[in-house]
Amino acid sequence: MRAAVVDRLMEPEDLTVREIEPGGVGEGEVRVEVRAAGCNFSDVLMLRGEYQVKPPLPFVPGGEVAGVVSEVGSGVDHVAPGDRVLCRCALGGFAESVVAPAQAAYRMPDSLSFEAGAALPTVYPTSYAALVWRAPLQSGETLLVHAAAGGVGLSAVQIGKALGARVIATAGGSEKLEIARQAGADVLIDYRKDDFVSRVLEETDGRGADVIYDSVGGDTTDRSLKCIAWNGRLLVIGFASGDIPSIKMNRVLLKNISLVGLHWSAYPEKEPARIDECLAGLFEMAAAGRIEPLVSARYPLEDAGAALSALASRKTVGKVVLCP
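Residues 1004 to 1327 (our numbering) are what the sequence shown spells out, left to right.
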């Protein structure tokens, strides 16, 4: 089968596709014929050897797919050949098929396309777990979402609105802000032109944002502490800027705020029972039309490197998917 193979640490543009032998299906596993695979910034970091998870070489990247089950191993009874599923597979998704633990495969609602299904397993659970469990965000509160036009940011905007929050979105440029507006953002801030700190304080009558969703890190995190409300919660989602910030703890004390981390990829090991709960909540939101993954670009498998390069350069909005 065709697969994008990482045989050394590399930049996205060096990623190539070649023929490899498909793995066998063991007990408790399923084979999924991949119709779409989601691209994430973590894939870029993994290629470079900069991600917290460092798989041994060679490996096939891609942690989320949607497709059709073609084979099941012994002990698997919740999905069957022919089922349309989405799957959080950790590795192996950038290929024509992938073998994954059956417990990571979920039958998709009929309303979800394969592309939308591949856009859901990472960023939407991340935002759901962050905003519903870790914050938790309450109806009527103000949510500030940084990088709101990216895949994870848009999911936070949509889920924030579904929870009844007033959403302030930051992004770079009018086109990206329009995407955030269409996702439901109430206030739009172009961080290239405006100081988001002063704008957030202005929009909240000096109070600040109750919850701040920060997937950027670096200076953005430091400045966010200047516009967070009393009893506010700063959600630490990731460090897309490449800079892991240090936080002055006196600010945490003086504003009575909480620093809350969210590492969704650890849930299968640490709290596996909550994954079903999370996806059930997301499927309910999707069926009600309250969330809808935005797939902005589709690439053939052979262009996996170009897809990740576009993602790394921040030229994309929403989700980028590969269609083998």
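Ideal Cβ positions, reconstructed from N, Cα and C, are used throughout, including at glycine.
These numbers come from a predicted model, not from an experiment.
For this session: Look up Lys1196 in the DSSP assignment and say whether it is helix, strand or coil.
Result: Here residue 1196 is taken as the residue at index 193 of the sequence shown, counted from 1. Coil at Lys1196, not helix or strand.
Exercise. Who are the near neighbours of Ile1215 in its chain, counting only those whose CB is closer than 6 Å to its CB and skipping five residues on each side?
Worked result: For the purposes of this step, residue 1215 is taken as the residue at position 212 of the sequence shown. Cβ within range, chain order: Leu1147, Ser1227, Ile1231, Leu1237.
For this session: Please specify which runs of the beta strand (DSSP E), each continuous and at least 3 residues long, are wholly inside the segment 1060-1097, giving them in chain order.
Result: Complete beta strand (DSSP E) runs here, min 3: 1067-1075, 1087-1091.
For this session: Just grab the DSSP bridge partners of Cys1326 for me.
Result: Along the sequence shown, one-based indexing puts residue 1326 at 323. Bridge partners of Cys1326: Pro1303.
Exercise. Who are the Cβ neighbours of Arg1293 in its own chain at under 6 Å, not counting the five residues just before and after it?
Worked result: The residue you call residue 1293 lines up with position 290 of the sequence shown. If the five residues before and after Arg1293 are omitted, its C-beta is found closer than 6 Å to the C-beta atoms of Ala1165, all from its own chain and listed in chain order.
Exercise. Is Arg1051 helix, strand or coil when you go by DSSP?
Worked result: In the sequence shown, residue 1051 corresponds to position 48, counting from 1. Looking at Arg1051 - three-state DSSP - the assignment turns out to be helix.
Exercise. Considering Gly1235, what are the terminal residues of the beta strand (DSSP E) in which it resides?
Worked result: The residue given as residue 1235 occupies position 232 in the sequence shown. Counting along the chain, Gly1235 sits inside the beta strand (DSSP E) bounded by residues 1231-1239.
Problem set entry | Which listed residue (Ser1316, Leu1204, Gly1321, Met1288) has its alpha carbon closest to that of Gly1245 | Reading the sequence shown from its first residue, position 242 is the one you call residue 1245. Residue Ser1316 is the option with its Cα nearest to Gly1245.
Exercise. Can you tell me the Cα-Cα spacing of Ala1289 and Gly1154, whole angstroms?
Worked result: Within the sequence shown, numbered from 1, the residue matching residue 1289 stands at position 286. Within the sequence shown, numbered from 1, the residue matching residue 1154 stands at position 151. In this structure, the CA atom of Ala1289 is about 16 Å from the CA atom of Gly1154.
Exercise. Does the separation of the CB atoms of Phe1097 and Ala1039 fall below 8 Å?
Worked result: Numbered from 1 along the sequence shown, position 94 holds the residue referred to as residue 1097. Numbered from 1 along the sequence shown, position 36 holds the residue referred to as residue 1039. No; because the gap between Cβ atoms is not below 8 Å, this pair is not in contact.
Problem set entry | Identity of the residue in Arg1137, Ala1188, Leu1115 nearest Thr1145 by Cα | By one-based count along the sequence shown, residue 1145 stands at place 142. Considering only alpha carbons, the answer is Ala1188.
Exercise. Can you find at least 3 beta carbon pairs, one from the segment 1076-1090 and one from the segment 1249-1263, that sit closer than 8 Å?
Worked result: Cβ pair count under 8 Å is below three, so no.
Exercise. For Asp1217, which residues of its own chain have a beta-carbon under 7 Å away from its beta-carbon, when the five flanking residues on both sides are left out?
Worked result: Here residue 1217 is taken as the residue at index 214 of the sequence shown, counted from 1. The beta carbon of Asp1217 is closer than 7 Å to those of His1149, Thr1223, Thr1224, Ser1227, Leu1237, Leu1238, Val1239, Ile1240 in its chain, skipping five residues each way along the sequence.
Exercise. If we ignore side chains and look at the alpha-carbon of each, how far apart do Phe1062 and Leu1140 end up?
Worked result: As a position in the sequence shown, residue 1062 is number 59, starting the count at 1. As a position in the sequence shown, residue 1140 is number 137, starting the count at 1. Each residue's CA atom was taken as its position, placing Phe1062 and Leu1140 some 38 Å apart.
Exercise. With burial defined as no fewer than 16 other Cβ atoms inside 10 Å of the residue's Cβ, what is the status of Arg1091: buried or exposed?
Worked result: Here the question's residue 1091 lines up with position 88 in the sequence shown. Under this definition Arg1091 is a buried residue.
Exercise. Curious, which full-length beta strand (DSSP E) runs of at least 3 residues does the segment 1156-1230 contain?
Worked result: You should have 1169-1174, 1190-1193, 1212-1217.
Exercise. Pick from Val1135, Glu1032, Val1008, Arg1184: whose alpha carbon is nearest that of Arg1021?
Worked result: In the sequence shown, counting from the first residue as 1, residue 1021 sits at position 18. Measuring C-alpha to C-alpha distances from Arg1021 to each of Val1135, Glu1032, Val1008, Arg1184 identifies Val1008 as the nearest.
Problem set entry | Rounded separation between Ile1171 and Pro1248 - CA only | For this step, residue 1171 is matched to residue 168 along the sequence shown. For this step, residue 1248 is matched to residue 245 along the sequence shown. The straight-line gap from Cα to Cα measures roughly 22 Å.
Problem set entry | Unbroken beta strand (DSSP E) run spanning Val1148, endpoints | As a working mapping, residue 1148 is identified with position 145 in the sequence shown. Element bounds for Val1148: 1145-1148.
For this session: Could you check if Gly1156 is buried or exposed, using at least 16 other CB atoms within 10 Å of its CB as the buried criterion?
Result: Reading the sequence shown from its first residue, position 153 is the one you call residue 1156. The residue is buried, with at least 16 neighbouring Cβ atoms inside 10 Å.
Exercise. Would Gly1175 pass as a contact of Ala1212 if the rule is Cβ separation under 8 Å?
Worked result: On the sequence shown, position 172 is the one that residue 1175 refers to. On the sequence shown, position 209 is the one that residue 1212 refers to. Cβ distance not < 8 Å, so Gly1175 and Ala1212 don't count as in contact.
Problem set entry | Proximity of Asn1151 and Thr1173 at Cβ, strictly below 8 Å | Looking up residue 1151 in the sequence shown gives position 148. Looking up residue 1173 in the sequence shown gives position 170. Before going further, note that residue 1151 is Ala rather than Asn in the sequence given. Taking 8 Å as the cut-off, the Cβ atoms of Ala1151 and Thr1173 count as close.
For this session: Hey, could you find the ends of the alpha helix (DSSP H) Leu1257 is sitting in?
Result: By one-based count along the sequence shown, residue 1257 stands at place 254. From DSSP, the alpha helix (DSSP H) with Leu1257 extends over 1252-1257.
Exercise. Whose C-alpha, out of Val1320, Met1013, Thr1019, is nearest the C-alpha of Ala1183?
Worked result: As a working note, residue 1183 is residue 180 in the sequence shown. Ranking Val1320, Met1013, Thr1019 by Cα distance to Ala1183 puts Val1320 first.
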